[in-house]
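Visitor:
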Amino acid sequence: MKIHEYQAKQILAKYGVPVPRGSVAYSVDEATKVAEDLGTEVCVVKAQIHAGGRGKGGGVKVSKGMDAVRENAEAILGIQLVTHQTGPQGQKVKQLLVEQGMDIRKELYCSVLVDRGKQRIVLLASSEGGMDIEAVAEETPELIFKEAIDPALGLQGFQARRIAFNLGLSGKAFKEMSKFVRSLYNAYVGSDATMFEINPVLKTSDDRVIAVDAKVSLDGNALYRHKDYAAMRDVTEEDATEVEADAAGLNYVKLDGNVGCMVNGAGLAMATMDIIKLSGGEPANFLDVGGTADAARVEKAFRIILKDPEVKAILVNIFGGIMRCDVLAQGVVNAAKEIKISVPLVVRLAGTNFKEGKKILDNSGLKLISAENLDDAAKKIVEAIK
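Residue numbering for the sequence shown is 38 to 423, as defined by my numbering.
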C-alpha cells in the first residue's frame, strides 16, 4: 500500500528519523496558515500524490515569503500533475505538504527494501542524492553502497558506520548518519514496510542529517497489525477498477495487454500469464478469484475484466481444489448470459468435479472454446484474437 509523503514522515518521526517541520494542507488558505505557523523565511510547497518525479513535473516549489507560498499553492493545488511515474494522464493534486526550508549542504540517498535473491533486507545508500537512482546505478554503479542485513541479527552498528564512511562523512555528520540509518531500519521493520526510499537525505551546514523526502510502501498483508496505517490508504490515488475488485474480494492488477485472465490461485495466475506471453500474447491483467469463489464472484470478475476496453479475449483457467469446477462453470454461464460477453472466451478446467463442470459448459449453448490443458488454452486464446 502506497502512502503520501506527509504520512511517511509521520512514521519516520515516530521512530526517531529527523524530518523537517511541516503539515498537510487541503486549501490555499490552509497552506498559508501552515507557513505562518512554521515561522521560517523559506518554505517548500509540495504536491501530495502517489508518484515520484514531482519536482520535475512542477509539483515542488521553494517559496520565500507568504506571497510566494500562496502563489505556489494556487499553482499546484488542483492541477493534473504529470510525472514519469504517473503516465500521460497524470494525477490530480488534492493536498499539499508545506514544510520549512532547509539549509542544503549535501544531498545523499538512502533506501531500505527486500532483496528476494539474497533473501535479506538490503540497505542502499549513495552520495548522489536528488537524482534518479536508476540513472546512478547505470552510469556510476560504484557510487551505490549496499548492506545486506541478516534477519536474525538485524542491522549491526558496524554496518551503519560503514554506510556513513562510504558516503564520505566525518565528525558529527558521520555520527548523525549512523544514527539516521539505524532509525530508518527500525522504521522499516516496525511498520512492516516493503520499501522506504529517502531521496534526498539532506546534510545541513551544521552537519545534521534529515529526511527531506520520503517514498514509502507498506505491506498490505500486515495492515491488520497496524490499524492506524490502514487508515492512511487513499483510494482516490489508486486505480478505480483495482479498488472495486479489492472490495469484491478479488486480487486484480491491470496490465497493458489484451488477453483477460481469470484464474484461481496466485501461482497459477502467474504461470498463466507467462504461457500467454510464450504463445505470443499479452496478458491484460492479473486476476485471482481465490480458492473459495462462488458463481457471484466469478460474474463480478468478468465484469471487472471487461471494464478494460483493451481486452479482446478472455482466458479462464481453473484448477478445482477447494473451488469446484462445476461452481466455476455455472458462474461462467451465468455471467456470459447476464452481461453478454462478446469477446472470444477460452475455458480450461481441471480438478474437482471437472466432468460436471465441462457438462455444464457444453450444455450452456454459449460460444466458448474448450481447452484440454494450459498450453492448449494459451495457443487457442492467441489464435482467437488473431
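All C-beta atoms in this analysis are idealised placements derived from N, C-alpha and C, irrespective of residue type, glycine included.
Because the structure is a prediction, the values reported are computed rather than measured.
What three-state label does DSSP hand M103 in the structure shown?
Guide: Along the sequence shown, read from residue 1 onward, the residue named residue 103 stands at position 66. Three-state result, M103: helix.
Visitor: From G317 to A210, what does the alpha carbon distance come to, in whole angstroms?
Guide: For the purposes of this step, residue 317 is identified with residue 280 of the sequence shown, where counting begins at 1. For the purposes of this step, residue 210 is identified with residue 173 of the sequence shown, where counting begins at 1. If I take the Cα positions, the gap works out to 54 Å.
Visitor: Quick check: what's the CA-CA separation for I406 versus K417?
Guide: The residue you call residue 406 lines up with position 369 of the sequence shown. The residue you call residue 417 lines up with position 380 of the sequence shown. Rounded to the nearest angstrom, the two C-alpha atoms are 8 Å apart.
Visitor: Would a C-beta distance cut-off of 8 Å place Y289 and I341 closer than the cut-off?
Guide: On the sequence shown, residue 289 is found 252 positions in, with the first residue counted as 1. On the sequence shown, residue 341 is found 304 positions in, with the first residue counted as 1. Contact flag set, yes.
Visitor: Counting only runs of 3+ residues fully inside the stretch 322-380, write out the beta strand (DSSP E) ranges in chain order.
Guide: Qualifying beta strand (DSSP E) stretches, in chain order: 322-325, 350-357.
Visitor: I'd like to know whether the C-beta atoms of G124 and T77 end up nearer to each other than 8 Å.
Guide: Here residue 124 corresponds to residue number 87 of the sequence shown, with the count starting at 1. Here residue 77 corresponds to residue number 40 of the sequence shown, with the count starting at 1. It is not a contact, given that the beta carbons lie outside the stated cut-off.
Visitor: Counting only the same chain and skipping the five closest in sequence on each side, list residues whose C-beta sits under 7 Å from that of L180.
Guide: Residue 180 sits at position 143 when you count from the first residue of the sequence shown. The residues are S163, S164, E165, V173.
Visitor: Given that a residue counts as buried once 16 or more other Cβ atoms are within 10 Å of its Cβ, and exposed if not, what is V272?
Guide: Within the sequence shown, numbered from 1, the residue matching residue 272 stands at position 235. With fewer than 16 Cβ atoms within 10 Å of its Cβ, V272 is classed as exposed.
Visitor: The alpha helix (DSSP H) spanning K200 covers which residue range?
Guide: Position 163 of the sequence shown, counted from the first residue, corresponds to residue 200. The residue asked about is misnamed: residue 200 is Ile in this sequence, not Lys. That run of the alpha helix (DSSP H) goes 194-203.
Visitor: Give a yes or no on contact between the stretch 46-56 and the stretch 242-259, applying the rule of three or more CB pairs nearer than 8 Å.
Guide: Short answer: they touch.
Visitor: What is the rounded straight-line gap between the Cα of E67 and the Cα of K101?
Guide: Position 30 of the sequence shown, counted from the first residue, corresponds to residue 67. Position 64 of the sequence shown, counted from the first residue, corresponds to residue 101. When rounded, the distance between both Cα atoms is 17 Å.
Visitor: For K264, report the span of its alpha helix (DSSP H) as first-last.
Guide: Your numbering for residue 264 matches position 227 in the sequence shown. That run of the alpha helix (DSSP H) goes 264-267.
Visitor: Given a cut-off of 8 Å, decide if I351 and M307 are closer than it, judged by their beta-carbon atoms.
Guide: Position 270 of the sequence shown, counted from the first residue, corresponds to residue 307. Position 314 of the sequence shown, counted from the first residue, corresponds to residue 351. No.
Visitor: With DSSP as the reference, identify every bridge partner of R385, one or two as the case may be.
Guide: Working through the sequence shown from its first residue, we reach residue 385 at position 348. DSSP lists N354 as partners of R385.
Visitor: Is it true that the CB of S254 sits closer than 8 Å to the CB of K51?
Guide: Here residue 51 refers to the residue found at position 14 of the sequence shown. Here residue 254 refers to the residue found at position 217 of the sequence shown. Not closer than 8 Å, so no.
Visitor: Among the candidates K344, L365, P346, whose CA atom is the shortest distance from the CA of G327?
Guide: Taking the sequence shown and counting its residues from 1, one reaches residue 327 at position 290. If we check each option's Cα against that of G327, L365 comes out closest.
Visitor: What would DSSP say about P57, mapped onto helix, strand or coil?
Guide: Numbered from 1 along the sequence shown, position 20 holds the residue referred to as residue 57. Here P57 sits in coil by DSSP.
Visitor: Does DSSP put A84 in a helix, in a strand, or in coil?
Guide: For the purposes of this step, residue 84 is taken as residue 47 along the sequence shown, with counting starting at 1. Of the three classes helix, strand and coil, the one that applies to A84 here is strand, per DSSP.
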